[in-house]
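*Asks:* Heads up, the sequence shown is in numbering that gives the first Met the number 0, so the first residue is 0 and it goes up one at a time. A virtual CB, placed ideally from N, CA and C, is assigned to each residue, including glycine. Values in this document were obtained by computation on a predicted structure and should not be read as measured data.
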Amino acid sequence: MTTTKPIIGIECSSIQPELAAAPRAMLNVRFTQAIEQCGGVPFIIPPRLGPGALDALLDTMDGLLLSGGPDIPPEIFGQERHPLTKPLADTRAVNAIHLVRGAQRRGRPILGICFGVQALNVALGGTLIQDIHTTPHPARVKHKYYFSPDFTDHPVVIEPGSRLEGVMGGREFAVNSCHHQALDRLGENLRAVATASDGIIEAVESINGDWILGVQWHPEYLTARPEHMALFQALVEAARDRAAAAL
Ligand code: MN
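#1: Give a yes or no on whether the C-beta atoms belonging to L163 and L212 are separated by under 8 Å.
#2: Buried or exposed: R100, going by 16 or more other Cβ atoms within 10 Å of its Cβ?
#3: Enumerate, from N- to C-terminal direction, the unbroken alpha helix (DSSP H) stretches of 4 or more residues contained entirely within the stretch 67–153.
#4: For the alpha helix (DSSP H) that contains P41, what are its first and last residues?
#5: From the DSSP output, read off the bridge partner residues of E204.
#6: Please list the segments of the beta strand (DSSP E) lying wholly inside the stretch 5–64, counting only runs of 3 or more residues, in order along the chain.
#7: Cβ of W216 within 7 Å of any heavy atom in the ligand NAP?
#8: Taking 7 Å as the line, does the beta carbon of H179 fall inside it for any heavy atom of the ligand MN?
#9: Please classify L234: does DSSP put it in a helix, a strand, or coil?
#10: Looking at E201 and the ligand MN, is the gap between the Cβ and the nearest heavy atom below 7 Å?
#11: Return yes when the C-beta of A195 is under 7 Å from any heavy atom of the ligand MN, and no when it is not.
#12: Secondary structure at A195, three-state DSSP: helix, strand or coil?
#13: Note down the Cα distance separating H142 from L246, rounded to an integer number of angstroms.
#14: Counting Cβ pairs closer than 8 Å, one from the stretch 122–133 and one from the stretch 79–97, do we hit at least three?
#15: Spatial neighbours of A118 within its chain, please: CB distance less than 7 Å, with the 5 preceding and 5 following residues excluded, ordered by chain position.
#16: Tell me the DSSP secondary structure of E219 in three-state form.
#17: Classify A173 as helix, strand or coil using the three-state DSSP reduction.
#18: Less than 8 Å separating the beta-carbons of L230 and I7?
#19: Here's the rule I'm using: 16 or more other beta-carbon atoms within 10 Å means buried, otherwise exposed. How should R47 be labelled?
#20: Looking at the structure shown, is L182 part of a helix, part of a strand, or coil, going by DSSP?
#21: Determine, using beta carbons only, whether C11 and L26 come nearer to each other than 8 Å.
#22: Kindly list the residues whose CB is nearer than 7 Å to the CB of N207, restricted to its own chain and excluding five residues on each side of it in sequence; keep chain order.
#23: Using CA coordinates, which residue listed in L18, G77, A33, H227 is at the minimum distance from T126?
#24: Do E158 and V192 come within 8 Å of each other at the CB atom, strictly closer than that value?
#25: Along the alpha helix (DSSP H) that carries G165, what are the first and last residues, could you check?
#26: I'd like to confirm something about H142: is its beta-carbon nearer than 7 Å to some heavy atom of the ligand MN, or not?
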């Protein structure tokens, strides 16, 4: 029996540096390193592709990882733009949504991180809180920090019996936090499985047998901590299982 390494497609940002004549693809290399360390083979899905190329890549990948990024244009989930929402004017959100729906249709495991969990929720019909810190709450937690590696900002409490509890191996963890938006109404077949003390949803997972998990924090900065590295490990293992079942 041969064991093949599962192929993980990683969705990324594009940016245009000040002096550059054209946009660049951009991804924190910790994502690709984490997937490799967990036994997967990562590839970066280029930004600004059309749906045909995305579909061809979806056919070749065993799992999908969505990385962090800008705000999703709120028109996509049927809202007017909040003054503090800053969506990038490229195809990133549309492509991320296309990738989520395509991966789900193909039974590929999906892990969404920060922008990625928000794109996951919107792709499945959910909505977002467009700005946490102007949304009144009697004991609001600060969620928008600028983090450095291995630095954590607030605790999250994990739902007992959830897939996430099994993956991380506990019920309460410190996480980093660099988001001003959050999930509001949940998409189809998603449930909240981690929350901050102000009720902000910090993780979701699927309830219908699909392997879909999303976290609002940035485990790629916390890969020295086994409970955060375990998220990437879980994606790679689920992708390996799917690939083996498809043989
Ligand atoms: Mn947070």
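*Replies:* Straight from the coordinates:
#1: Residue mapping note: residue 163 aligns to position 164 of the sequence shown, counting from 1. Residue mapping note: residue 212 aligns to position 213 of the sequence shown, counting from 1. For L163 and L212, yes; Cβs fall inside 8 Å.
#2: Locating residue 100 in the sequence shown gives position 101, counting from the first residue. Result: exposed.
#3: Here the runs fully enclosed are 91–104, 114–122.
#4: Within the sequence shown, numbered from 1, the residue matching residue 41 stands at position 42. Judged by DSSP secondary structure, P41 falls outside any alpha helix (DSSP H) and instead within the beta strand (DSSP E) spanning 40–44.
#5: Numbered from 1 along the sequence shown, position 205 holds the residue referred to as residue 204. Beta bridge pairing from DSSP links E204 with R190, L212.
#6: Fully enclosed beta strand (DSSP E) runs of 3 or longer: 6–10, 12–14, 23–25, 40–44.
#7: No copy of the ligand NAP occurs in the structure displayed; its ligands are the ligand MN alone.
#8: As a position in the sequence shown, residue 179 is number 180, starting the count at 1. No, the Cβ of H179 stays beyond 7 Å of every heavy atom of the ligand MN.
#9: On the sequence shown, residue 234 is found 235 positions in, with the first residue counted as 1. It is helical.
#10: For the purposes of this step, residue 201 is identified with residue 202 of the sequence shown, where counting begins at 1. Placement of the Cβ of E201 at a distance of less than 7 Å from at least one heavy atom of the ligand MN is found.
#11: Mapped onto the sequence shown, residue 195 falls at position 196. It does: the Cβ of A195 is within 7 Å (strictly closer) of some heavy atom of the ligand MN.
#12: Locating residue 195 in the sequence shown gives position 196, counting from the first residue. Three-state result, A195: coil.
#13: The sequence position of residue 142 within the sequence shown is 143, counting from 1. The sequence position of residue 246 within the sequence shown is 247, counting from 1. Spanning the two alpha carbons is a distance of roughly 43 Å.
#14: Yes, they touch.
#15: Along the sequence shown, one-based indexing puts residue 118 at 119. These residues qualify, in order along the chain: L65, I71, A92, A95, I96, V99, G111.
#16: The residue labelled residue 219 in the question sits at position 220 within the sequence shown. Residue state, collapsed to three classes: helix.
#17: Here residue 173 refers to the residue found at position 174 of the sequence shown. DSSP places A173 in the strand class (E or B) of the three-state scheme.
#18: Taking the first residue of the sequence shown as position 1, residue 230 is located at position 231. Taking the first residue of the sequence shown as position 1, residue 7 is located at position 8. Taking 8 Å as the Cβ cut-off, L230 and I7 do not qualify as a contacting pair.
#19: Position 48 of the sequence shown, counted from the start, is the residue given in the question as residue 47. Classification of R47: exposed, given that the 10 Å Cβ count is below 16.
#20: Taking the sequence shown and counting its residues from 1, the one referred to as residue 182 is at position 183. It is a strand residue.
#21: The residue you call residue 11 lines up with position 12 of the sequence shown. The residue you call residue 26 lines up with position 27 of the sequence shown. In contact: C11 and L26 (Cβ atoms closer than 8 Å).
#22: Numbered from its first residue, the sequence shown carries residue 207 at position 208. Here the set comprises N188.
#23: As a first step, residue 126 is located in the sequence shown; it is residue number 127 there, counting from the start. Selected option, being the one with the closest Cα: G77.
#24: As a first step, residue 192 is located in the sequence shown; it is residue number 193 there, counting from the start. As a first step, residue 158 is located in the sequence shown; it is residue number 159 there, counting from the start. Yes; because the gap between Cβ atoms is below 8 Å, this pair is in contact.
#25: What you label residue 165 is simply residue 166 of the sequence shown in a count that begins at 1. Per DSSP, the continuous alpha helix (DSSP H) segment holding G165 begins and ends at 162–167.
#26: In the sequence shown, the residue the question calls residue 142 occupies position 143. Yes, the ligand MN has a heavy atom inside 7 Å of this Cβ.
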